[in-house]
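Here the structure comes first, spelled out in structure tokens, and everything after it is commentary.
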Amino acid sequence: MTTIRRFCCNDLLRFAYVNLDHLTETFNMSFYMTYLARWPDYFHVAEGPGNQIMGYIMGKVEGQGESWHGHVTAVTVAPEYRRQQLAKKLMNLLEDISDKIDKAYFVDLFVRASNAPAIKMYEKLGYVIYRRVLRYYSGEEDGLDMRKALSRDTEKSSIIPLKRPITPDELEYD
Amino acid sequence: MASKFGLAGGIPERRVRPIWDAIDSRQFKNALKHVSTLLAKHPNSPYAHALKALILERMCKLDEAFSVCLNAKELLFTNDSLLMDDLTLSTLQIVFQRLDHLDLAASCYEHACSKFPNNLELMMGLFNCYVREYSFVKQQQTAIKMYKLVGEERFLLWAVCSIQLQVFCGNGGEKLLLLAEGLLKKHVASHGLHEPDALIVYLSILEQQAKFGDALEILSGNLGSLLMIEVDKLRIQGRLLSRAGDHAAAAAIFKKILETCPDDWMSFLHYLGCLLEDDSLCCAEAVKDPVHPSKFISCKVSHLTDEEFDGQVSNALDFVQKLQADPVNNSLRGPYLAAIEVERRKHLRGKGNDDSLMDAIVQYFCRFGHLSCFTSDVEMFIEVFNPVKKIELLEKLKEYSDSLTTLPVKNLGQTFSFFKIQQLLMGDMFESSASELEVCCAQMAEIYCKSVAFSKDLDPQESMQGEELLSIICNLLVQLFWRTKNVGYLVEAVIVLEFGLAIRRHVWQYKILLLHMYSYFGALSVAYEWYKSLDVKNILMETLSHHIYPQMLVSPLWTELDSLLKDYLKFMDDYLRESADLTFHAYRHRNYSKVIEFVQFKEQLQRSSQYLVARVEAPILQLKQNSDNIEEEQGVLESLKCGIDFLELSNEIGSKSLTFLEDLQSRPWWTPTSEKNFLLEPFEGISFCPRRISTNERETSCKRMIEKRSLVPRMIYLSIQRASASVKEIVEVNGSVSPNICSELKLLLERYAQLLGFSLCEAIDMIMDFPSGERFSEVVGPNLIDWLNFTVFLNAWNLTSHELVQPDEKESTPHTWSILDSLLEKYILEKVKSMESEICSSWSDVQLLIQIVTEPLAWHGLVIQSCLRSCLPSGKKKKKSGSMDHSSYSLVHTITNSVQHLSSIIEEILRWIRERENTPEDKNVEYIISSFNNNEQDGGPGQMFRILESFFSAKDGAELGDRISQSLESWSPADVARKIMTGKHKVLMEFSKICESKLKSLRSMKQQIAQL
Ligand SMILES: CC(C)(COP(=O)(O)OP(=O)(O)OC[C@H]1O[C@@H](n2cnc3c(N)ncnc32)[C@H](O)[C@@H]1OP(=O)(O)O)[C@@H](O)C(=O)NCCC(=O)NCCS
Chain C
812 MTTIRRFCCN DLLRFAYVNL DHLTETFNMS FYMTYLARWP DYFHVAEGPG
862 NQIMGYIMGK VEGQGESWHG HVTAVTVAPE YRRQQLAKKL MNLLEDISDK
912 IDKAYFVDLF VRASNAPAIK MYEKLGYVIY RRVLRYYSGE EDGLDMRKAL
962 SRDTEKSSII PLKRPITPDE LEYD
Chain E
67 MASKFGLAGG IPERRVRPIW DAIDSRQFKN ALKHVSTLLA KHPNSPYAHA
117 LKALILERMC KLDEAFSVCL NAKELLFTND SLLMDDLTLS TLQIVFQRLD
167 HLDLAASCYE HACSKFPNNL ELMMGLFNCY VREYSFVKQQ QTAIKMYKLV
217 GEERFLLWAV CSIQLQVFCG NGGEKLLLLA EGLLKKHVAS HGLHEPDALI
267 VYLSILEQQA KFGDALEILS GNLGSLLMIE VDKLRIQGRL LSRAGDHAAA
317 AAIFKKILET CPDDWMSFLH YLGCLLEDDS LCCAEAVKDP VHPSKFISCK
367 VSHLTDEEFD GQVSNALDFV QKLQADPVNN SLRGPYLAAI EVERRKHLRG
417 KGNDDSLMDA IVQYFCRFGH LSCFTSDVEM FIEVFNPVKK IELLEKLKEY
467 SDSLTTLPVK NLGQTFSFFK IQQLLMGDMF ESSASELEVC CAQMAEIYCK
517 SVAFSKDLDP QESMQGEELL SIICNLLVQL FWRTKNVGYL VEAVIVLEFG
567 LAIRRHVWQY KILLLHMYSY FGALSVAYEW YKSLDVKNIL METLSHHIYP
617 QMLVSPLWTE LDSLLKDYLK FMDDYLRESA DLTFHAYRHR NYSKVIEFVQ
667 FKEQLQRSSQ YLVARVEAPI LQLKQNSDNI EEEQGVLESL KCGIDFLELS
717 NEIGSKSLTF LEDLQSRPWW TPTSEKNFLL EPFEGISFCP RRISTNERET
767 SCKRMIEKRS LVPRMIYLSI QRASASVKEI VEVNGSVSPN ICSELKLLLE
817 RYAQLLGFSL CEAIDMIMDF PSGERFSEVV GPNLIDWLNF TVFLNAWNLT
867 SHELVQPDEK ESTPHTWSIL DSLLEKYILE KVKSMESEIC SSWSDVQLLI
917 QIVTEPLAWH GLVIQSCLRS CLPSGKKKKK SGSMDHSSYS LVHTITNSVQ
967 HLSSIIEEIL RWIRERENTP EDKNVEYIIS SFNNNEQDGG PGQMFRILES
1017 FFSAKDGAEL GDRISQSLES WSPADVARKI MTGKHKVLME FSKICESKLK
1067 SLRSMKQQIA QL
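Residue numbers (our numbering), protein chains in the order written: chain C, 812 to 985; chain E, 67 to 1078.
In structure tokens:
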């Protein structure tokens, strides 16, 4: 029922149905286009019957040395299609690419501390809260930096949680 | 090269650093100081000049920046001994680009490259310049040079992409593809390929030339291993095989995909298409509108013989059953939906019967009916049934769901699905009686209550199943309103959704419905608030702002409209400006296939109908806003280059093909496009409101509209010029009237008339006839505003041309003037008098009234101001006193009358507004509440609300959860009624402000007249 394929520009004109969700951010064009131009393998969309866009995932790979990692910038599924393992599938795809193709050490992501459903999902998928980023979202809400180790990080040292929260300017990448 | 030996642009870096720092910290004045010192030391350094230009540009001193830039360029070209470094060039490039002179940037790089022909860095800079200019041929030539120089794969692919761009986005012939193929082939033979995307491009070049066999061979060879994601490779392979006509092999490939991804719906459709030797899917994909793909699966009746067909269908069914039987896939919808699709194909072939297709759908309902996507899953299949069969299916589904004894959650989910599919099967119930509709709504309201209680512990972030029910109820209530004209239903629909939002405030579907209903009532400021709460930004403005634009364009909420237009235009302009740089990103990161995609996407947005409309309407808004003061208006016109650019747009639009990128799916049924609103028309049953809209039709009318509207700024400008010239002609007897203005205005009048469907003569006749005949009113119909605008401009043109002077008038005031005045009077007063004072009546008449005042009347006011200003003795050349001759006397007389006339019309409007506003608020609120709260036992509006109200007032916090019961505590329908009232009030107050300002301006004209 679901066709997962690479995201393309025209999908930007078709994802309103998904992006009207209040927890789904609509970024500016150069943001999307930069992702498409640099990490097209990390940007996938799920299309349902009748060519309806069901959801998508957007991410990148970056970092130096042992912090070479995949990053989930956004994952979202339209309410109609939730709780059918779609987000899980999209996440697994990104993890797979980070792991097998790009040989990254871990995958990480930020989530609003108030977004309980998403946090539950990430935990279910094996992510742990690595650290808290104070006032990460427009200087108001805290963000949680969650991580999952990949096969290359045999010791799982990338995901040992930090004791203290950090501030956004301490982040290595943005 | 830039900082070789610590040099930046040939200058020691330590001297330049303070300038960079100052620029980075936006201390431009400081930076300018530093750069002047630097220039004193290095007067001939192009880099120093380029930096200065950069700073000036940042300070918005564009002219200065440009001339400094030209200096730098000059130095670069003349001073041979200087080194050509990329830093200087790229700095110049940035400034030239910001100043909209891409060509000059390119010529700097061209010059540098001709001097240092083997410098790769410079050549890349040059390539980048051509990417920005969309000069595909030059891109290709430059890339080839680079390829020849270093033999790198990426430069070859830059060249190949540039060739593809010529074919798809330029005017290069398809033969060029052969050239690209040859280049690639040669390179592959000697070097192979190393980038996955290079392979993709290679394959696409072959596919575009229908060389499927060659492509397949390459894919299955060594190069195929470049594609790391196996399904991606298989999908390409399947597509190529199917296009090559090898259906059996293609089917095998798609089968293989399905074995690993049994839920891959597209692959299943391809699989089935291949089995039945029907390639309409592949073809459809290529041609169909990629932004609005059809919901329905394209397929042809198979040409196979009956036996072949049966054989293949049973193959497909076997396979599908195997997929279904796999316990891992048990919860996947794909294989079950596939079974329905096979039945549908049989049905289309005349092989299956309705019953087996229905059974397949019922089966699907048993298994997946509890999911909220059930209805959209099966939507595409029920199209095959005729209305009778649809009812039969509905009954089967009902029978099944009545027999249910499953878990309550699942049961509830199935009930939701049942109501949704009922809407679909019964064509939104247009055929049902009003009481049937009410019964159905009541059932849904009750189920909704249950589901709220059920999900009381749900995180407020999560959407609640069953939320759709309130949307359906709203749709049906609006339909009842349309049928009965009982406004209580519409009010109830608003109340129901507001209630839903009080329970959970994130349901965007409700917000969209509400914003359209509030717009209907004229409570536009509330509609706007709801729109804002949707947080529509960036690309969503392109797809979603159609919900609010059209109403705002004709509203007096100028501040809000201004910010809407500005935000949208800024978004588009930013994107269009950055787009080429982003394309260059794709080149640089070797994602070649994205290059073509980016360029095509940009072209699509550039031709967006909404964008073009906004580009015209933004300046018209400015003109409206400043029309009470001719000096300010002229300032605006000057900034618009007197409307010249828009004339160009008007000239070009006919040959453009426009794109319509709005997401129309999210619109309510009663207004499927922004041009259509069924509620404003009489109810004529379902056949009357088709959901599908012909884009061709929209395109024609949209183009005509843009063509017409973009004439307006220029016509206003010419009318003002004309009016002042006419007075001078009278006053300074031998003064000269510029004949150009006169003839240009006439030309534009001709065009304007044509766009209204008439020749200039016919149009003039119609207007001259107005006092006597009824013809005018009949003809103008929906184009009233255009006709009134036309009359204003016609009158301005006629001020001195005397072509239209009535024989018996002999040189006296032009007849058109008095006709114009009476036209304005007639239509304004007509509206004012006819409008019901009812609070809930439609707003469209008020909209028209607002438009008349803010457009034709405003433009006419400008013509008067212009005449008056020229009549007045200006400071220096004093008029000889007492020299007013007959003709100028008569002009002054006309103006005096006209000003008097317009003042009294506007006073009339203001009186009307005051009257409407006089009713005490509580009385209005009471009236609105009573419209749906009639407490009649049988039928009528108000039942749904009562169901909700009684359910929720009977429950307490324990049963509903604290969050819900708290948010309902403070909620009351009276608040909603008040919201409607204050929303309208705000709009009327804005309108009243506009009228006051016009009145003030007219008063000051009176004073001016008195001085004459
Ligand atoms: C979060 C979100 C992406 C989940 O999508 P989904 O397709 O429904 O998730 P899945 O079905 O793949 O969930 C996988 C597992 O995660 C957990 N999970 C998902 N949603 C959950 C929820 N709302 N509550 C609790 N657990 C949840 C479950 O354990 C689920 O497995 P299960 O259904 O077998 O129990 C979706 O709710 C969404 O789009 N939300 C809005 C956007 C958003 O918040 N994105 C994250 C921003 S960083």
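Every residue, glycine too, gets a C-beta built ideally from N, C-alpha and C. As the structure is a computational prediction, the values presented were derived from the model and not from experiment.
In this structure, the CA atom of residue 958/E is about 50 angstroms from the CA atom of residue 642/E. Distance from the C-beta of residue 395/E to the nearest heavy atom of ligand 1 is not below 6 angstroms.
The nearest non-hydrogen atom of ligand 1 is 6 angstroms or more from the C-beta of residue 116/E. Boundaries of the alpha helix (DSSP H) around residue 229/E: 219 to 234. Looking at the DSSP output, residue 864/C sits in a beta bridge with 858/C.
The C-beta distance from residue 868/C to residue 847/C rounds to 13 angstroms, too long to fall under 8 angstroms, and the pair is not in contact. Chain-ordered, the chain C residues with CB closer than 8 angstroms to the CB of residue 605/E read 823, 824, 837, 840 and 843. Here residue 282/E carries a helix assignment [DSSP, helix/strand/coil]. Close partners of residue 400/E in chain C (Cβ separation under 8 angstroms): 812 and 813. Taken through DSSP and simplified to helix, strand or coil, residue 969/E comes out as helix.
Between the segment 921 to 939 of chain E and the segment 781 to 792 of chain E there are three or more C-beta pairs closer than 8 angstroms, enough to call the two in contact.
Under the Cβ distance rule, residue 361/E counts among the residues neighbouring chain C, one pair being separated by less than 7 angstroms.
For the segment 646 to 664 of chain E, the set of positions with a beta-carbon nearer than 7 angstroms to some beta-carbon of chain C reads 648, 651, 652, 655, 657, 660, 663 and 664 in chain order. By the Cβ-count criterion, residue 586/E is buried, with 16 or more other Cβ atoms from all chains shown falling within 10 Å of its own Cβ. For residue 1052/E, the uninterrupted alpha helix (DSSP H) segment begins and ends at 1039 to 1077. Inter-segment contact for the segment 959 to 970 of chain C and the segment 912 to 931 of chain C is present: three or more beta-carbon pairs are separated by less than 8 angstroms. For chain C, the residues of the segment 566 to 595 of chain E that bring a beta carbon within less than 8 angstroms of one of its beta carbons are 572 and 574, in chain order. In this chain, the alpha helix (DSSP H) harbouring residue 83/E covers 79 to 90. Here the alpha carbon of residue 923/E sits roughly 10 angstroms from the alpha carbon of residue 693/E. Using a Cβ-Cβ cut-off of 7 angstroms, residue 868/C does not count as an interface residue toward chain E, since no Cβ of chain E sits closer than that to its own.
Runs of the alpha helix (DSSP H) spanning 4 or more residues and lying entirely within the segment 901 to 932 of chain E occur at 910 to 920, in chain order.
Taking a C-beta distance under 7 angstroms as the contact criterion, residue 345/E and residue 308/E qualify as a contact pair.
By the CB criterion at 7 angstroms, residue 871/C and residue 882/C fall inside the cutoff. Shown here for residue 910/C: same chain residues with a beta carbon closer than 6 angstroms to its own, the five before and five after excluded, namely 961 and 962 in chain order. Distance between residue 98/E and residue 188/E, taken at the CA atoms: about 28 angstroms. For residue 896/C, the shortest C-beta to heavy atom distance toward ligand 1 is below 6 angstroms.
Put simply, of 103/E, 542/E and 231/E the residue whose alpha carbon is nearest the alpha carbon of residue 502/E is 542/E.
Assignment of beta-bridge partners to residue 164/E by DSSP yields no partner. Taken in chain order, the members of the segment 906 to 940 of chain C whose beta-carbon sits within less than 7 angstroms of a beta-carbon on chain E are 912, 926, 927 and 928. Between ligand 1 and the CB of residue 834/C, the shortest heavy atom gap is smaller than 6 angstroms. Proximity of chain C to residue 641/E at the Cβ level (cut-off 7 angstroms) is accounted for by 840, in chain order. Taken residue by residue, none of the segment 941 to 966 of chain C has a beta-carbon sitting less than 9 angstroms from a beta-carbon on chain E. In this structure, residue 117/E sits near residue 101/E, with a CB-CB distance shorter than 7 angstroms. Per DSSP, residue 984/C lies in no beta strand (DSSP E) segment and is marked neither H nor E. At least 7 angstroms separates the CB of residue 846/C from every CB of chain E. Of all alpha-carbon atoms in 294/E, 89/E and 590/E, the one lying nearest the alpha-carbon of residue 912/C is that of 294/E.
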